[in-house]
């Protein structure tokens with residue numbers, strides 16, 4: 004019987020695969036505004052069959068609209084409190100059907116990958132952004148579109164919070180949210196759950212809980228309904 | 100630790116050519132000859148190259164700049180050529196493909212992040228690296244840049260990064276050296292993780308001469324595996340061979356496939372504190388299987404290891420892994436291993 008107290012908040016590669024499938028299913032079943040997460044198998048060596056299926060979750064071509072400071076001043080009467088509230092995850096995510104095209108911006112698209120880290124034994128969020136013509140966005144441009152608290156964090160720790168690295172499977176530069184500490188706060192998330200679930204349940208909910216925190220950094224917020232639906 | 104000194108003193112003679120598209124003068128500038136430290140990184144040579152090539156823009160290195168120079172050389176030069184000929188582009192390198200290098204800072208932070216990762220693998224957290232004072236961090240980085248082993252050893256020992264124990268280390272190590280790894284319920288140190296980065300490239304034929312081996316011309320063709328190796332502390336006979344079998348079991352005899360898949364469950368079993376003795380027995384059985392198959396031939400029907408290179412040498416597989424790690428690791432505490440594998444000819448799809 005799994006003892007949550009002794010768990011360090013991390014997953015084995017095998018558990019990640021199980022958790023990923025569960026997460027993708029939950030995401031889809033709740034008829035969420037965003038497209039489904041797709042599992043992309045990735046053989047370790049392109050020229051050799053691997054005994055273990057490695058892979059990652061992918062959700063691509065997401066168009067994200069955010070209210071930044073300029074828009075707030077120009078167009079709406081929205082309280083500045085809303086920006087803070089948005090970081091605490093109390094707001095519903097913005098439906099991409101209500102996407103607003105800002106006059107002074109063209110549309111930006113985001114690709115998100117959830118990749119397992121053998122080192123930290125946790126999922127890691129990789130992302131990249133580009134314009135409609137495929138031109139990649141640099142970090143400073145992406146930063147402008149992040150929620151305020153994220154861009155503050157970014158300016159504090161430029162080299163350690165979101166770093167540009169080679170995607171572990173794709174050999175292209177992607178941005179990655181540094182996973183240091185993930186195990187610790189994942190453990191806390193589940194320890195705080197008074198239901199004291201079995202590990203099988205923990206595994207099923209692991210990625211969902213993880214994403215509810217990590218997604219906020221990049222402005223993807225899961226509605227509370229989804230989190231409470233156990 | 101004499102071997103470490105050899106590693107730090109190791110350097111590769113480079114002959115740097117300016118790419119013909121970049122030549123703006125007549126006659127074109129002669130190639131520059133530079134000695135590049137193995138444990139360093141190519142972009143750090145930029146300041147040395149500037150006087151040779153007085154182009155207006157700072158040079159970009161058209162290769163994977165965050166990988167140590169020595170590793171690149173071991174990978175890209177099957178038959179070590181001396182000097183190693185490199186062509187440098189000064190402007191317009193493909194930014195969409197290669198991660199842009201913003202100079203020394205980029206390399207430094209890439210190094211620090213690797214160090215954090217290594218710390219996490221060995222100690223279970225990166226606190227010691229994160230809590231380094233600015234001056235310590237700078238001193239450590241400069242010691243790497245300048246190849247100053249003494250300073251490096253002094254500053255890095257403050258980090259108390261648990262290294263692998265082997266017979267030699269335990270005999271002459273200072274008392275501050277901690278054993279590493281997870282403790283079981285009885286407080287015994289059972290296992291530990293070693294940071295390893297493996298670079299695999301494949302060839303489809305046997306070559307009598309390394310010179311005839313096709314060169315690796317694209318980073319895409321290299322399988323990069325960033326995966327720690329778990330070591331059992333009681334296992335004093337854990338060899339380089341054993342480590343490789345864990346990292347790339349698909350290159351070894353098919354019998355070992357069973358051991359490997361059991362190894363995955365073993366990870367899970369470790370996380371759960373075992374109340375019954377039987378699970379410990381299961382763990383012992385797995386280790387025993389690994390011993391039995393150690394003698395098995397390393398040739399499998401699908402892939403065969405042709406070459407293993409660490410710090411430019413081809414170590415015998417029977418060498419204790421702990422010795423390899425302690426003596427041949429890079430300043431980022433990672434052991435970088437280059438492997439060449441022969442695979443049967445694939446039909447193009």
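Protein chains in written order, with the working numbering: chain D, 4 to 233; chain C, 100 to 448.
Beta carbons are placed, not taken as given, at the ideal position from N, Cα and C, and that holds for glycine.
The model shown is predicted, which means the values in this text are computed figures rather than measured ones.
- prompt: Taking Cβ-Cβ distances below 7 angstroms as the criterion, which residues of the stretch 115-127 of chain D are in contact with chain C?
  reply: 121, 122, 123
task: Give the DSSP-derived three-state secondary structure of residue 227 of chain C in the structure shown.
output: Within the second chain, residue 227 of chain C is the residue found at index 128, counting from 1. Reduced to three states, the DSSP call for residue 227 of chain C is helix.
field: Own chain residues within Cβ distance below 8 angstroms of residue 139 of chain D, not counting five before or after
entry: In the first chain, the residue the question calls residue 139 of chain D occupies position 136. Cβ within range, chain order: 131, 132, 133.
query: residue 220 of chain C versus chain D: which residues are under 8 angstroms apart at the beta carbon?
result: One-based indexing of the second chain puts residue 220 of chain C at position 121. Simply 122.
task: Work out the CA separation of residue 57 of chain D and residue 189 of chain D for me, nearest whole Å.
output: Against the first chain, residue 189 of chain D aligns to sequence position 186. Against the first chain, residue 57 of chain D aligns to sequence position 54. Going from the Cα of residue 189 of chain D to the Cα of residue 57 of chain D covers about 22 angstroms.
- prompt: With burial defined as no fewer than 16 other Cβ atoms inside 10 Å of the residue's Cβ, what is the status of residue 342 of chain C: buried or exposed?
  reply: Within the second chain, the letter at position 243 stands for residue 342 of chain C. Under this definition residue 342 of chain C is a buried residue.
Contact between the stretch 121-131 of chain D and the stretch 204-222 of chain D (3+ Cβ pairs under 8 angstroms): yes
message: Determine whether the beta carbon atoms of residue 261 of chain C and residue 222 of chain C lie at a separation below 8 angstroms.
response: Within the second chain, numbered from 1, the residue matching residue 261 of chain C stands at position 162. Within the second chain, numbered from 1, the residue matching residue 222 of chain C stands at position 123. In contact: residue 261 of chain C and residue 222 of chain C (Cβ atoms closer than 8 angstroms).
message: Quick check: the Cα distance between residue 406 of chain C and residue 413 of chain C, rounded to an integer number of angstroms?
response: The residue you call residue 406 of chain C lines up with position 307 of the second chain. The residue you call residue 413 of chain C lines up with position 314 of the second chain. Whole-angstrom Cα-Cα distance: 7 angstroms.
query: Is the Cβ-Cβ distance between residue 40 of chain C and residue 295 of chain C less than 8 angstroms?
result: In the structure as shown, chain C starts at 100 and stops at 448, and residue 40 of chain C therefore has no counterpart that could be examined.
message: Quick check: is the beta carbon of residue 183 of chain D nearer than 8 angstroms to any beta carbon in chain C?
response: The residue labelled residue 183 of chain D in the question sits at position 180 within the first chain. Yes, residue 183 of chain D counts as interfacial toward chain C.
query: Quick one: is residue 230 of chain C near chain D, going by C-beta distance under 8 angstroms?
result: Walking along the second chain from the start, residue 230 of chain C turns up at place 131. Cβ-Cβ to chain D under 8 angstroms: no for residue 230 of chain C.
message: Any beta carbon from chain D within less than 8 angstroms of residue 325 of chain C's own beta carbon?
response: Working through the second chain from its first residue, we reach residue 325 of chain C at position 226. It does; some Cβ of chain D falls within 8 angstroms.
- request: Can you check DSSP and say which residues form a bridge with residue 322 of chain C?
  value: The residue given as residue 322 of chain C occupies position 223 in the second chain. In the DSSP output, where bridge partners are listed per residue, residue 322 of chain C has C/299.
message: Under DSSP, the beta strand (DSSP E) around residue 62 of chain D begins and ends at which residues?
response: As a first step, residue 62 of chain D is located in the first chain; it is residue number 59 there, counting from the start. Note, residue 62 of chain D: beta strand (DSSP E), 58-66.
query: Which chain D residues sit within Cβ distance under 9 angstroms of residue 107 of chain C?
result: In the second chain, counting from the first residue as 1, residue 107 of chain C sits at position 8. Near residue 107 of chain C there are no residues of chain D at all, since even the closest Cβ is about 25 angstroms away, more than 9 angstroms.
Spatial distance of residue 136 of chain D from residue 110 of chain D (CA atoms): Mapped onto the first chain, residue 136 of chain D falls at position 133. Mapped onto the first chain, residue 110 of chain D falls at position 107. Cα to Cα, the separation comes out at about 10 angstroms.
- prompt: Which residues in chain C sit within 7 angstroms of residue 174 of chain D, going by Cβ to Cβ distance?
  reply: In the first chain, the residue the question calls residue 174 of chain D occupies position 171. Correct list: 318, 319.
query: What three-state label does DSSP hand residue 225 of chain D in the structure shown?
result: The residue you call residue 225 of chain D lines up with position 222 of the first chain. Coil at residue 225 of chain D, not helix or strand.
task: Go ahead and label residue 428 of chain C buried or exposed: buried means 16 or more other beta carbons lie within 10 angstroms of its beta carbon, across all protein chains shown.
output: Mapped onto the second chain, residue 428 of chain C falls at position 329. It is buried - the Cβ of residue 428 of chain C has at least 16 other Cβ atoms within 10 Å.
query: Can you give the Cα-Cα distance for residue 411 of chain C and residue 168 of chain C, rounded to whole angstroms?
result: For the purposes of this step, residue 411 of chain C is taken as the residue at position 312 of the second chain. For the purposes of this step, residue 168 of chain C is taken as the residue at position 69 of the second chain. Going from the Cα of residue 411 of chain C to the Cα of residue 168 of chain C covers about 11 angstroms.
task: Give a yes or no on whether the minimum CB-CB distance between residue 415 of chain C and chain D is below 8 angstroms.
output: As a working note, residue 415 of chain C is residue 316 in the second chain. Taking Cβ atoms only, chain D never reaches closer than 8 angstroms to residue 415 of chain C, which makes this a no.
query: Going by the CB atoms, is the gap between residue 184 of chain C and residue 103 of chain C shorter than 8 angstroms?
result: Counted from its first residue, the second chain places residue 103 of chain C at position 4. Counted from its first residue, the second chain places residue 184 of chain C at position 85. Their beta carbons are not under 8 angstroms apart, which means residue 103 of chain C does not touch residue 184 of chain C by this criterion.
query: From residue 112 of chain D to residue 223 of chain D, what distance separates their C-alpha atoms?
result: For the purposes of this step, residue 112 of chain D is taken as the residue at position 109 of the first chain. For the purposes of this step, residue 223 of chain D is taken as the residue at position 220 of the first chain. Approximately 13 angstroms between the Cα atoms of the pair.
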